[in-house]
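Trainee: Once you've had a glance at the structure underneath, I'll fire off some questions.
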Amino acid sequence: MENNKTIFIVILALLFQLGCNEPFDLKRNDIISDELVFDDPILADAFLFDLYDRAQFHIKSGNGNLNMGMISSLGGESRNYGVSWQTPYTQVLDVDYNENGLLGKVIDYYDYALIRECNQMITRLPLSNNLNKNFIDTRVSEARFIRAHAYFEMVKRFGGVPLVTDVIPVQGTSDQLYRSRNSEKEIYDFIKNEMDEISALLPSIPEADGRITKWTALALKSRAMLYAASVANFGSQQLNGLLGFPISDASSYYQASLDASNQIIQSGAFSLYKKSDDPVKNFGDLFIDENNNSEVIFVEKYDYDAGKSHQWDALAQPSGFGFNWSSNYTVYLETLEQFDFTDGATGKIDRSLYDDSTPIDPNRFFEQRDPRMRASIFYPGASFKNGTVFFHRSMTGTKEGWPATGPSKHTGSLATGLLVRKRTNPNTPDATRSSTDYIVYRYGEILLNYVEAAFYLGDPNGDMVATINQLRDRAGMPSLNLAQLTEEKIRQERRCELAFEDHTFWDLRRWRIAVAELNNVQRHRLHYRYDANTDKYTIEMAEGDLGGVRIHPERNYYYALGLNRLADNPALIENPGY
Numbered sequence: 000m001e002n003n004k005t006i007f008i009v010i011l012a013l014l015f016q017l018g019c020n021e022p023f024d025l026k027r028n029d030i031i032s033d034e035l036v037f038d039d040p041i042l043a044d045a046f047l048f049d050l051y052d053r054a055q056f057h058i059k060s061g062n063g064n065l066n067m068g069m070i071s072s073l074g075g076e077s078r079n080y081g082v083s084w085q086t087p088y089t090q091v092l093d094v095d096y097n098e099n100g101l102l103g104k105v106i107d108y109y110d111y112a113l114i115r116e117c118n119q120m121i122t123r124l125p126l127s128n129n130l131n132k133n134f135i136d137t138r139v140s141e142a143r144f145i146r147a148h149a150y151f152e153m154v155k156r157f158g159g160v161p162l163v164t165d166v167i168p169v170q171g172t173s174d175q176l177y178r179s180r181n182s183e184k185e186i187y188d189f190i191k192n193e194m195d196e197i198s199a200l201l202p203s204i205p206e207a208d209g210r211i212t213k214w215t216a217l218a219l220k221s222r223a224m225l226y227a228a229s230v231a232n233f234g235s236q237q238l239n240g241l242l243g244f245p246i247s248d249a250s251s252y253y254q255a256s257l258d259a260s261n262q263i264i265q266s267g268a269f270s271l272y273k274k275s276d277d278p279v280k281n282f283g284d285l286f287i288d289e290n291n292n293s294e295v296i297f298v299e300k301y302d303y304d305a306g307k308s309h310q311w312d313a314l315a316q317p318s319g320f321g322f323n324w325s326s327n328y329t330v331y332l333e334t335l336e337q338f339d340f341t342d343g344a345t346g347k348i349d350r351s352l353y354d355d356s357t358p359i360d361p362n363r364f365f366e367q368r369d370p371r372m373r374a375s376i377f378y379p380g381a382s383f384k385n386g387t388v389f390f391h392r393s394m395t396g397t398k399e400g401w402p403a404t405g406p407s408k409h410t411g412s413l414a415t416g417l418l419v420r421k422r423t424n425p426n427t428p429d430a431t432r433s434s435t436d437y438i439v440y441r442y443g444e445i446l447l448n449y450v451e452a453a454f455y456l457g458d459p460n461g462d463m464v465a466t467i468n469q470l471r472d473r474a475g476m477p478s479l480n481l482a483q484l485t486e487e488k489i490r491q492e493r494r495c496e497l498a499f500e501d502h503t504f505w506d507l508r509r510w511r512i513a514v515a516e517l518n519n520v521q522r523h524r525l526h527y528r529y530d531a532n533t534d535k536y537t538i539e540m541a542e543g544d545l546g547g548v549r550i551h552p553e554r555n556y557y558y559a560l561g562l563n564r565l566a567d568n569p570a571l572i573e574n575p576g577y
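So this is what it looks like as structure tokens:
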């Protein structure tokens, strides 16, 4: 979908036409009226595509898209390489998100400008006498999805926020301009009801790649209702119900998530990606294969030739494989430990072995771990672009094709000994031309949502074990039985399957374990020495962030709205603890 390019060409052409009026015509010729925009199919689509382009389906800001690693870094899965200048480092480590709120921070999201324009389309397009009903219903539903998604992004951060569904007049009264906060429950209920309504109006097959469908709406419902259920189950009510839910509401939200997931599952429209018999290759290809990918429900489209690209591949790939800036997303030991071994043994090795003297066999330590790890993380000896990735700081003996030491970006003080591999496309031609779509919703997540909701509902359909084993079978991991399917195991499976996909941080928050997992909790990195004579490493464990830590106190489950927003809107109430 050539969003920016289409909008620019259409509006430029129209302005040229309108600009040919008489020179003393007092009508403005540089503004296209609402009446014209919402009565013309090309202009209406241009307006809608601009909403798509502005929606935050994932964070992609920052010089060279450096902030694409922000949520993963906040969740303690990884961190950006540059200490002093990359915001995913300077806004993650040793940062206290206090009473000043998130304004000016990468993680902030409070986009009422986008919501206002969604409301314009939702209210004005149905008034057209020129557009057919199907066109109106579909476009309005897409705008309603984008609006609901914006509210979901805000409620995750702040809890209840003002629920605005009308177009606020620019010169409105105080009552019109200054809206008080709706409750967190009201926001989640709004999202649920909107998705229920528009899923009946949206097509099952998208009009074009990257367009919202019935299944996209159900996927948002599946995810959002699971979040609501978790907050009800593990959180507490505050500010007289403005934040949180009665715990008795948890079951109804789990059921809503389960039902939405089941609609997608039973539709048969999607299936787990299985184009290769090699589970490592298969899981890696899942994120870069755009040719009839059966798992993809919704993506944010990228196309360099259409004017929209990113630099993930240049930033993520290891040093020594073609791009000047690389090795940017370093991974912690704690993330590696989430991935068990293919024989079912725990991935958490006795840390006393990381003593820089005990030989460790890489064929066991790396190559026999969950294939999803090997597809998601660059590790010592990993293959990439017909080459080998090196992380060793020194080597005993010699080995053909192996350097005495790995690249400095893999061995220096900022390195952790592991790198994010997921979504890295080896075929990107140069640093600025990554065109790989970003998967927002995929079938694998829906299966995990289903299992988690079913677990807390008592497995009402009797199929949660079979469902989670679909994912493990695809990954090449041993099946689980009912006794093994604990809360901890379900969460671990989610962290392995969805690693580096912007889920872990939000999951830790909704499970209300972010304080235990993130607050002043030290992460670790690995240093390697390689013995070419024995083909083994000795490994040393060290602090992963040069003494820095993440800060996530209890109050951060609801971030502060902040002094500026409170000053702008006197009807707002601040969250507790600020």
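Okay, so the sequence shown: first residue is 0 according to numbering that gives the first Met the number 0, each after it adds one.
Built from N, CA and C at the ideal position, the CB exists for glycine as well.
(1) Apart from the five residues on each side of it in sequence, which residues of its chain come closer than 7 Å, Cβ to Cβ, to threonine 345?
(2) Would you tell me roughly how many angstroms separate the C-alpha atoms of leucine 35 and alanine 147, rounded to the nearest one?
(3) Could you have a look at glutamate 294 and say whether DSSP puts it in helix, strand or coil?
(4) Alpha carbon to alpha carbon, what distance is there between alanine 231 and threonine 533?
(5) Can you look up serine 235 in the DSSP assignment and give me helix, strand or coil?
(6) Specify the secondary structure class of serine 72 as computed by DSSP and reduced to three states.
(7) If we count the other Cβ atoms within 10 Å of its Cβ and call it buried at 16 or more, is alanine 566 buried or exposed?
(8) Within its chain, find whatever has a CB closer than 8 Å to the CB of glycine 396; leave out the 5 residues flanking it on each side and keep chain order.
(9) So, using beta-carbon positions, are asparagine 129 and aspartate 38 closer together than 8 Å?
(10) Leaving out five residues before and five after lysine 26 in sequence, what residues of the same chain have Cβ atoms less than 6 Å from its Cβ?
(11) Considering only residues of the same chain and omitting the five flanking positions on each side of glycine 561, which have a CB-CB separation below 6 Å?
(12) Here's the rule: buried if 16 or more other CB atoms are within 10 angstroms of the residue's CB, otherwise exposed. What is alanine 149?
(13) Identify the continuous beta strand (DSSP E) that holds leucine 352 and give its terminal residues.
(14) Taking the alpha-carbon of leucine 113 as reference, which of Tyr96, Pro168, Ala430 and Gln55 has the nearest alpha-carbon?
(15) According to the neighbour-count rule (16 or more other Cβ atoms, all chains shown, within 10 Å of its Cβ), is serine 203 buried or exposed?
(16) Relative to the C-alpha of methionine 463, which candidate in Ala515, Ala452 and Glu573 has its C-alpha closest?
(17) Between the C-alpha atoms of leucine 176 and serine 60, what's the straight-line distance to the nearest angstrom?
(18) Sort Pro87, Ala45 and Arg53 by Cα distance to threonine 329 and report the nearest one.
(19) Give every residue of the same chain whose Cβ lies closer than 7 Å to the Cβ of serine 198, excluding the five residues on either side of it in the sequence, and list them in chain order.
(20) Measuring straight from C-alpha to C-alpha, what distance separates isoleucine 287 and glycine 576?
(21) Taking the beta carbon of asparagine 574 as the centre, do at least 16 other beta carbons fall within 10 Å, making it buried, or is it exposed?
(22) Alpha carbon to alpha carbon, how far is asparagine 281 from tyrosine 272?
(23) Could you name the residues of the same chain whose beta carbon sits closer than 7 Å to that of threonine 357, not counting the 5 residues immediately before and after it, in chain order?
(24) Return the residue from the list Ile467, Ala474 and Ser478 that minimises the CA-CA distance to arginine 490.
(25) Just to confirm before moving on: does the CB-CB distance between asparagine 79 and glutamine 310 stay below 8 Å?
(26) Once DSSP output is grouped into helix, strand and coil, what is the label at aspartate 530?
(27) Can you tell me which residues form a DSSP beta bridge with histidine 391?
(28) Rounding to the nearest angstrom, what Cα-Cα distance links asparagine 323 and alanine 313 in this structure?
(29) Just checking, does the region 148-168 make contact with the region 179-198 on the three C-beta pairs under 8 Å criterion?
(30) Rounded to whole angstroms, what is the Cα-Cα separation between arginine 210 and phenylalanine 233?
(31) If I measure Cβ to Cβ from cysteine 495 and keep anything under 7 Å in the same chain, skipping five residues before and after, which residues do I get?
(32) Between valine 139 and isoleucine 121, how many whole angstroms is the CB-CB distance? I'm expecting something under 8 Å.
(33) List the residues that DSSP assigns as beta-bridge partners of methionine 540.
(34) Mind checking whether glutamate 299 and valine 419 have CB atoms under 8 Å apart?
(35) Buried or exposed, going by whether 16 or more other CB atoms sit within 10 Å of the CB of valine 169?
(36) Less than 8 Å separating the beta-carbons of leucine 47 and glutamate 141?
Mentor: By the coordinates alone:
(1) What you label residue 345 is simply residue 346 of the sequence shown in a count that begins at 1. The residues are Asp339.
(2) Within the sequence shown, the letter at position 36 stands for residue 35. Within the sequence shown, the letter at position 148 stands for residue 147. So the alpha carbons of these two residues sit roughly 26 Å apart.
(3) Against the sequence shown, residue 294 aligns to sequence position 295. Reduced to three states, the DSSP call for glutamate 294 is coil.
(4) As a working note, residue 533 is residue 534 in the sequence shown. As a working note, residue 231 is residue 232 in the sequence shown. C-alpha separation (whole angstroms): 54 Å.
(5) Counting from 1 along the sequence shown, the entry for residue 235 is found at position 236. Here serine 235 sits in coil by DSSP.
(6) Locating residue 72 in the sequence shown gives position 73, where the first residue counts as 1. Three-state DSSP puts serine 72 in a helix.
(7) Counted from its first residue, the sequence shown places residue 566 at position 567. Looking at its Cβ environment, which holds fewer than 16 other Cβ atoms inside 10 Å, alanine 566 is exposed.
(8) If you number the sequence shown from 1, residue 396 lands on position 397. The residues are Asp530, Ala531 and Asn532.
(9) As a working mapping, residue 129 is identified with position 130 in the sequence shown. As a working mapping, residue 38 is identified with position 39 in the sequence shown. Going by C-beta atoms, asparagine 129 is nearer than 8 Å to aspartate 38.
(10) Reading the sequence shown from its first residue, position 27 is the one you call residue 26. Because the pLDDT of lysine 26 is 47, which lies under 50, any placement of that residue in the model is unreliable, and the question is left without a value.
(11) Within the sequence shown, the letter at position 562 stands for residue 561. Excluding sequence neighbours, glycine 561 sits near Asn99, Gly100 and Leu102.
(12) Locating residue 149 in the sequence shown gives position 150, where the first residue counts as 1. With 16 or more other Cβ atoms within 10 Å, it is buried.
(13) In the sequence shown, the residue the question calls residue 352 occupies position 353. It is not in any beta strand (DSSP E) - leucine 352 carries neither H nor E in the DSSP assignment.
(14) Sequence index remark: in the sequence shown, residue 113 carries index 114 (1-based). When only C-alpha atoms are compared, the closest one is Gln55.
(15) Residue 203 sits at position 204 when you count from the first residue of the sequence shown. Burial call: exposed.
(16) Here residue 463 refers to the residue found at position 464 when the sequence shown is read from its first residue. When only C-alpha atoms are compared, the closest one is Ala452.
(17) Indexing the sequence shown from 1 puts residue 176 at position 177. Indexing the sequence shown from 1 puts residue 60 at position 61. Going from the Cα of leucine 176 to the Cα of serine 60 covers about 29 Å.
(18) As a working mapping, residue 329 is identified with position 330 in the sequence shown. Threonine 329 has its Cα closest to that of Pro87, out of Pro87, Ala45 and Arg53.
(19) On the sequence shown, position 199 is the one that residue 198 refers to. Excluding positions up to five away in sequence, the list reads Lys213, Ala216 and Leu217.
(20) To locate residue 287, count along the sequence shown from 1; it is residue 288. To locate residue 576, count along the sequence shown from 1; it is residue 577. Cα to Cα, the separation comes out at about 43 Å.
(21) Position 575 of the sequence shown, counting from 1, holds the residue named residue 574. With 16 or more other Cβ atoms within 10 Å, it is buried.
(22) In the sequence shown, the residue the question calls residue 281 occupies position 282. In the sequence shown, the residue the question calls residue 272 occupies position 273. Taking the straight line joining both Cα atoms gives about 7 Å.
(23) Along the sequence shown, read from residue 1 onward, the residue named residue 357 stands at position 358. These residues qualify, in order along the chain: Thr537.
(24) In the sequence shown, the residue the question calls residue 490 occupies position 491. Ranking the options by Cα distance to arginine 490, first place goes to Ile467.
(25) One-based indexing of the sequence shown puts residue 79 at position 80. One-based indexing of the sequence shown puts residue 310 at position 311. Not a contact, by the Cβ cut-off of 8 Å.
(26) Residue 530 sits at position 531 when you count from the first residue of the sequence shown. Here aspartate 530 sits in strand by DSSP.
(27) The residue labelled residue 391 in the question sits at position 392 within the sequence shown. Looking at the DSSP assignment, histidine 391 forms a beta bridge with Tyr527.
(28) Translated into the one-based positions of the sequence shown, residue 323 becomes position 324. Translated into the one-based positions of the sequence shown, residue 313 becomes position 314. If you take the alpha carbons of asparagine 323 and alanine 313, they lie about 8 Å apart.
(29) yes
(30) What you label residue 210 is simply residue 211 of the sequence shown in a count that begins at 1. What you label residue 233 is simply residue 234 of the sequence shown in a count that begins at 1. Roughly 35 Å between the two C-alpha positions.
(31) For this step, residue 495 is matched to residue 496 along the sequence shown. If we look at cysteine 495 and ignore the five residues flanking it on each side, its Cβ neighbours are Gln337, Phe338, Asp369 and Arg371.
(32) Numbered from its first residue, the sequence shown carries residue 139 at position 140. Numbered from its first residue, the sequence shown carries residue 121 at position 122. Indeed, because the Cβ distance is near 5 Å, the residues count as touching under 8 Å.
(33) What you label residue 540 is simply residue 541 of the sequence shown in a count that begins at 1. Answer by DSSP bridge pairing, in chain order: Leu525.
(34) Here the question's residue 299 lines up with position 300 in the sequence shown. Here the question's residue 419 lines up with position 420 in the sequence shown. No, the Cβ-Cβ distance between glutamate 299 and valine 419 is not below 8 Å.
(35) Working through the sequence shown from its first residue, we reach residue 169 at position 170. By the 10 Å Cβ count, valine 169 comes out exposed.
(36) Along the sequence shown, read from residue 1 onward, the residue named residue 47 stands at position 48. Along the sequence shown, read from residue 1 onward, the residue named residue 141 stands at position 142. Yes. Within cutoff.
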